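Numbering (the numbering used here), first residue to last: -1 to 142.
The block underneath contains the structure these notes are about, expressed in structure tokens.
Encoded structure:
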């Protein structure tokens, strides 16, 4: 039976959980996740766990935050005066918004805090600073 290696296209079923046991993502009810091993299409810590696995193999993988979405960067949080945010935009904590950089790049942000005078926006990935756990199963391998 062939084993996955760099350059192969693999399909996996997976469930991603935090250390608390909370599920943050899963392929359940969807098509398997398909990617090329070693191509940088998925987080490095999960990509590194795939080589050597064969179709039908299952594995539990712990991915430290440094090999996932990195540490949370305090510089990626910004307080914005409340009056600069249009009234029709919801600003409840946890709301996902998009900002535009002066260069025109769209950046997803999350409302991290709200006071009467300002709204704190966080451009860190929602999983930054978190160790991730994956239960994976290889369901297909196409040689690269």
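Note that CB positions come from ideal geometry on N, CA and C, so glycine has one too.
Since the model is a prediction, treat every value here as computed from it, not as a measurement.
Helix, strand or coil for residue 144? Go by DSSP, reduced to three states.
This structure leaves residue 144 out entirely; the chain is present only between -1 and 142.
According to DSSP, is residue 39 helix, strand or coil?
Here residue 39 sits in coil by DSSP.
Going by alpha carbons, who is nearest to residue 9 out of 1, 18 and 16?
Nearest option by C-alpha distance: 1.
Best match in 17, 125 and 12 for proximity to residue 30 [C-alpha to C-alpha]:
Nearest C-alpha to residue 30: 12.
Whole beta strand (DSSP E) runs in the region 61 to 101 with 3 or more residues, listed along the chain?
If one requires a minimum length of 3 residues, the beta strand (DSSP E) runs lying completely within the region 61 to 101 are 75 to 79 and 94 to 98, in chain order.
C-alpha gap between residue 92 and residue 116, whole angstroms:
Going from the Cα of residue 92 to the Cα of residue 116 covers about 15 Å.
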